[in-house]
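Using the numbering used here, the first residue of the sequence shown is number 35, and each one after it goes up by one.
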Amino acid sequence: MHVAQPMSGINAVFFYSNQIFTWAGALQAQLATYSIAISALNVFMTVVSAKVIEAAGRKKLLLGGYAFAVASMVILTFAIMGKNGPLSLLALLGFIAGFAIGPGPIPWIYNSELFPTNARAGSGLIGCVTNWGVNAIIAACFRHLQEILKAKVFFIFVIFSVFTCLYCAKIVPETRGKSANAVFNDFAEKNGVDEIDEEENVPMNRESDA
35 MHVAQPMSGI
45 NAVFFYSNQI
55 FTWAGALQAQ
65 LATYSIAISA
75 LNVFMTVVSA
85 KVIEAAGRKK
95 LLLGGYAFAV
105 ASMVILTFAI
115 MGKNGPLSLL
125 ALLGFIAGFA
135 IGPGPIPWIY
145 NSELFPTNAR
155 AGSGLIGCVT
165 NWGVNAIIAA
175 CFRHLQEILK
185 AKVFFIFVIF
195 SVFTCLYCAK
205 IVPETRGKSA
215 NAVFNDFAEK
225 NGVDEIDEEE
235 NVPMNRESDA
C-alpha cells in the first residue's frame, strides 16, 4: 500500500497543476493561490475521511477512493491531451478528492491495525521509507517520462492503481472493530500458521494438543 500510494500519481498531478490552471484560464499571478486551494482540498477531504472512517470502514474508503481517483485520472489524461482547461481542472479536483478520502490516509492507519504492538514501530519505519523512496523515484523520473510520453505518462499511474484496487480487494482485510488477534487470524491461513484463540491468546492447535 505504501508503494501504491505515491504510484497513484498524486505528486505527478501536483507537478502538472500549474499547467492545468493556465489552460483553465488562470493568470500567472493566481497560480500560487490555486495551488494553495488544491492543497486545502486535500486536507479537507482527509478530514472528511477521518470523520466517516468508522462508519464506512477502511477497505471501502480505500477502494472507493482509488476507484474515484482512477476515473478522474483517465478523464484528466484525455482532457490534457485535448487541452481542455475546464475539464482538466474538474478532473484534477476529482482526483485529489478521491486520493484524500482513501489512498492518502488509509495506508498509515493500517500501519497500526495490521500488526501486533511489538511490530508496529518496525512496520511503520519500513512503510515510511518505502513511501518516500517511491516518491523520490517518481520525482526523479517524471519529467523525463513526461517529455517522452506527454500526457500519456498518466496512464502509468492508472494501470498501477487498477492493479492496486485488485490487490486491495483480494488481500487487504477490513480492520474496523477488530482486535490485533482477529487481524492476525485473517492472514493465518495465507501465512501457513495456526490461528490464535482470541480469548486465551494462544494458538488454537497448540491449546488443543495440550
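Glycine is no exception: its CB is placed at the ideal position from the N, C-alpha and C atoms.
PRO40 and ASN145 look like a contact to me (Cβ under 8 Å); what is the Cβ gap, rounded to whole Å? So it is not a contact: roughly 16 Å between Cβ atoms.
Look at THR80 and ALA155 and say whether their C-beta atoms are less than 8 Å apart. no
Determine the contact status of VAL47 and PHE176, defining contact as a CB-CB distance below 8 Å. no
Identify the continuous alpha helix (DSSP H) that holds MET41 and give its terminal residues. 38–41
Looking at C-alpha atoms only, which residue of ILE140, LEU75, ALA125 is the closest neighbour of ALA84? ILE140
Please report the distance separating the alpha-carbon of ILE182 from that of LEU200. 29 Å
Whose C-alpha, out of PHE55, SER42, ALA101, is nearest the C-alpha of VAL187? SER42
In terms of alpha-carbon separation, which member of HIS178, VAL104, SER51 lies closest to THR198? VAL104
Buried versus exposed call for PRO178 [16 or more other C-beta atoms within 10 Å across all chains shown]: Contrary to the premise, residue 178 reads as His rather than Pro in this sequence. Exposed: under 16 other Cβ atoms inside 10 Å.
Taking ILE205 as part of the alpha helix (DSSP H), name the residues at either end of that continuous run. Taken as a continuous stretch (DSSP letters only), ILE205 belongs to no alpha helix (DSSP H), as it is neither H nor E.
State buried or exposed for LEU159, treating a residue as buried only when at least 16 other CB atoms are found within 10 Å of its CB. exposed
Between which two residues does the alpha helix (DSSP H) carrying PRO120 extend? 119–135
Quick test of the definition: if touching needs 3 or more C-beta pairs under 8 Å, does the segment 59–76 touch the segment 86–98? no
Please list the terminal residues of the continuous alpha helix (DSSP H) segment that includes ARG92. 92–115
Is the beta carbon of PRO137 less than 8 Å from the beta carbon of LEU110? no
In or out: VAL206 buried (at least 16 other Cβ within 10 Å) or exposed? buried
Are the CB atoms of VAL192 and MET107 within a distance shorter than 8 Å? yes
Quick check: what's the CA-CA separation for PRO150 versus ILE230? 12 Å
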